[in-house]
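Chemist: When you line the sequence shown up against mature numbering (1 follows the signal peptide of the UniProt record, and there is no 0), it's residues -20 to -1, 1 to 713, in that order. Starting off with a structure, shown below.
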Amino acid sequence: MKKILTLLFSLLVLASGTTAKNVTLKDAAGGTYRAQNIYGLKPMLDGEHYTQISSDHKRIVKYSFKTGKEAGTIFDVATARNIELKSFDGYIMSPDESLILIQTETKPIYRRSFTAVYYIYNVKNRTLEPLSNNGPQQVPLFSPDSHQIAFVRNNNIYLVKLLFGNSESQVTKDGEYNKVINGIPDWVYEEEFAFNRAFDFSADSKMIAYIRFDESEVPMYSFQWYKGLAPEKKAYATYPGSYDYKYPKSGADNSKVSVHTYDIKSHVTRKMDLQIEADAYIPRIKFTSDPDKLAIMTLNRHQNRFNIYMANPRSAVCQVAVRDESEQYIKEQAYSSIVFYPENIVMMSERDGYNHLYLYTIGGNLVKQITKGKFEVKDFLGWDQKTNEFYYTSNEESPLKTAVYKIDGKGKKTKLSARTGTNTAIFSTNMMYYINTFSSISTPTLITLNNNKGKELVTLLDNSRLKSQLAELNMPQKEFFTFKTSEGVELNGWMMKPANFDPNKKYPVIMHQYSGPGSQQVLDKWGIGSFGDGGMFEAYMCDKGFIMVCVDGRGTGGRGAAFEKCTYLSIGVKESTDQAEAAKYLGSLPYVDGSRIGIWGWSYGGYNTLMSMSEGSGAFKAGVAIAAPTDWHFYDTVYTERFMRTPKENGEGYNASSAIGRVDQLKGDLLLIHGSADDNVHFQNFMEYNEALIQADKYFETQIYTNRNHGISGGNTRNHLMNRVAEFFIRKL
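Here's what the structure looks like:
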């Protein structure tokens, strides 16, 4: 009888749902419920296979595109000869796949740059040998014939000739820290133009082209290093050290850039005769399949005129092939997504108001606009020249959703992805197969193998373990909503309500946002939430009695150029108005306490938190600003001037967009958080805003993280930060 009663009680407990677990902040900070993914998939030449690093970082495994099954091991630390490695960090296959560069001892520099020690692996005889014995390398690149490898060390380019006993020669000799950089971008180019290698081989492997950055006139920025912990910098145990690097703030001098070619046989270096303004940018160079055509991509300083020059690497003559212009600015996709084919160029442009694909001849004549409509192409996935079909992803169904499509030469469009939400794809080299990564607001990452007609062949990953874990959690309800502002602008948002939501109660609300130009956080994908993990921090806060909300205001992406670029020359003004409008809308809902609404964000989101708390309406009772730019005079040239032009040209706009300039109007309780070693949004932003608040007699709280950069992580840091944010809102709201 006792056993039966115990069993009945257990069933009743299960039925009532009282055994459901709550998410802890340790779970959120540590990624306990983070969706699994498959990273670093690289299609192979044969079109039938792809490669990936094993989970223990000891092997490079070959998989079948048809079955998803393991088809062999290409590299294994256990069977590699001559040099013993325990594991490795990454790899680069040679163009003919006979050699592999094995990446070890990786040390990050900035967001995309790092040094590493590379080894050359011969696939046939399984031997390993050092790429160079003279120190770590950056951005190594095989020549198209696989017989040479170029790399950068200490701001100079080096060349290793594999057919000549791996003889190493120095291509450039004027590289010097904080003065001249060859073949890799300076800080602002790396951060804002999103690349880490600035050299390329010609198609016949006879020449190297590179961008030279003369940053000697760029102003220096310094920040202090302390001993700290996790990691501990023992050299600074008594006296702090400093890190000094070139960082051009808005209106300041940028690096002087030029393009050069190096003839490998004759050792002759030439400077390309590029007729551009002295302050123009060169965000990419790329050799085409014609060794006499080097594509040089340029932007004027306002970033509203984009040119592709075709340069002859020997005569140095440069001619404009393609030009694109915008009244406001050209987005990064214009130069980051260009693909050069033997006779054609495929590129993106917003010239008709939405981001679309365009086909040109290699000489620069427009053949046709490939895609059209009031939607945005998100990624160009490839062109099957045999069938004349173009593959891409776009948000044609909704600004919140992305699907995979193909379109043929006659304009007939076929949707390939089967599920509604967010889809991305990687195609095989022959365009016969693709790997589809799908998720939605309610479905964790699902990865499938498909043929080019969209048929699913096999599931590679379904996150079934995570789904089981989530079923045991007290998970909040997720939903999308739209509303109209008082100016008649329709905005999209998502909301998370507590699992035990009671419509008759009045809940406090915490709004999280980023709000930066072209960004999107309201998307039908699993990675929503302030930490991109499906909303685990939000789930924790929902359990504490909050409704969690995110709204994409004007200036964000997915809705065409007019919506995105309406903030031009006065960023932060419309964005903060829209967050206040969102708070006003939420306060009108019967289950929201409009007197207890908070707002927070990181980076631009931190900036817009300060702007929103100072826009005049007093919509927010509390806010947290993390790593926030507080005045655009303090931020870099490329990003700031893209949206604001220079302070000299747009002084009024800079004043209107300054959080420091609005400090007198700040209403609500504020927590300011920053890392002392933020190389991106300098600690200066925090200190100057801190001082402005004091002089305006505003009382506030602060949290500084020693030696932490813009990401504010390491050791227990992220857990501490999340606890700090949660505790502040619980206390204040």
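All residues carry an ideal CB built from backbone N, CA and C; glycine is no exception.
(1) Would you kindly check if the distance between the Cβ of T417 and the Cβ of T425 is under 8 angstroms?
(2) Note down the Cα distance separating G498 from S597, rounded to an integer number of angstroms.
(3) For a quick check, are the C-beta atoms of R61 and L108 less than 8 angstroms apart?
(4) Below 6 angstroms CB to CB, which residues in the same chain sit around R285 once its five sequence neighbours on both sides are set aside?
(5) How would you call Q255, buried or exposed, if buried means at least 16 neighbouring beta carbons within 10 angstroms?
(6) Going by C-alpha distance, which of E156, E629 and F122 is nearest K141?
(7) Suppose only complete runs of 3+ residues qualify. What are the beta strand (DSSP E) ranges in the segment 552 to 640, listed by chain order?
(8) Indicate whether the contact test is met: 3 or more Cβ pairs, each with one atom in the segment 193 to 207 and one in the segment 226 to 236, closer than 8 angstroms.
(9) Please state the DSSP three-state secondary structure of F267.
(10) Specify the secondary structure class of Y321 as computed by DSSP and reduced to three states.
(11) List, from N- to C-terminal side, the beta strand (DSSP E) runs of 3 residues or more that fit wholly inside the segment 504 to 537.
(12) Please state if the CB of G401 and the CB of D504 are separated by a distance shorter than 8 angstroms.
(13) Mapping the DSSP letters down to three states, classify G231 as helix, strand or coil.
(14) Can you name, in chain order, every residue of its own chain whose Cβ lies under 6 angstroms from the Cβ of R177, other than the five neighbours on each side?
(15) What does the alpha-carbon distance come out to for the pair K447 and Q16?
(16) Distance check for N2 and L(-9), CA to CA, integer angstroms please.
(17) According to DSSP, is F(-12) helix, strand or coil?
(18) Below 8 angstroms on the Cβ atoms is my contact criterion, and I expect I421 with K458 to pass it. Report the Cβ-Cβ distance as a whole number of Å.
(19) Once the 5 residues before and after residue 729 are set aside, which same chain residues still bring their CB inside 7 angstroms of it?
(20) In the DSSP assignment, find the alpha helix (DSSP H) that holds S419 and state where it starts and stops.
(21) For the candidate residues I63, Q500, E170 and I82, whose alpha-carbon lies nearest to that of Y71?
(22) Roughly how many angstroms lie between the CA atoms of G537 and F543, to the nearest whole one?
(23) Which first and last residues belong to the alpha helix (DSSP H) in which Q449 is found?
(24) Could you check the C-alpha separation between W167 and F355 for me, to the nearest Å?
(25) Give a yes or no on whether the C-beta atoms belonging to Q683 and L651 are separated by under 8 angstroms.
(26) Classify F144: buried if its beta carbon has 16 or more other beta carbons within 10 angstroms, exposed otherwise.
(27) Determine the contact status of A562 and V531, defining contact as a CB-CB distance below 8 angstroms.
(28) Are the Cβ atoms of F360 and V302 separated by less than 8 angstroms?
(29) Can you check whether the C-beta of G598 is within less than 8 angstroms of a C-beta belonging to chain C?
(30) Would you list the residues sitting across from I427 in a DSSP beta bridge?
(31) Distance check for A479 and Y571, CA to CA, integer angstroms please.
(32) Look up F68 in the DSSP assignment and say whether it is helix, strand or coil.
(33) Can you list, in chain order, the residues of its chain whose CB lies under 7 angstroms from that of E595, leaving out five sequence neighbours each side?
(34) Distance check for D573 and K486, CA to CA, integer angstroms please.
(35) What beta strand (DSSP E) runs, 3 residues minimum, are completely inside the segment 193 to 245?
(36) Does DSSP put M702 in a helix, a strand or coil?
Modeler: Reading it off the structure:
(1) yes
(2) 26 angstroms
(3) yes
(4) E305
(5) exposed
(6) F122
(7) 572 to 582 and 602 to 606
(8) yes
(9) strand
(10) coil
(11) 527 to 532
(12) yes
(13) coil
(14) V119
(15) 11 angstroms
(16) Note that L(-9) scores 40 on pLDDT, short of 50, meaning its location in the model is unreliable; the coordinates nonetheless yield the value given after this. Answer to the nearest angstrom: the Cα atoms are 19 angstroms apart.
(17) Since pLDDT at F(-12) reaches only 39, below the 50 mark, its modelled position is unreliable, and no value is offered.
(18) 5 angstroms
(19) Nothing about residue 729 can be read from this structure; the chain reaches only from -20 to 713.
(20) Segment Y413 to S420 is the beta strand (DSSP E) holding S419; no alpha helix (DSSP H) there.
(21) I82
(22) 8 angstroms
(23) S444 to A451
(24) 33 angstroms
(25) yes
(26) exposed
(27) yes
(28) no
(29) Within the model displayed, chain C is absent; a lone protein chain is all it includes.
(30) T417 and L441
(31) 14 angstroms
(32) coil
(33) S556, T557 and A560
(34) 5 angstroms
(35) 200 to 205, 221 to 226 and 236 to 243
(36) helix
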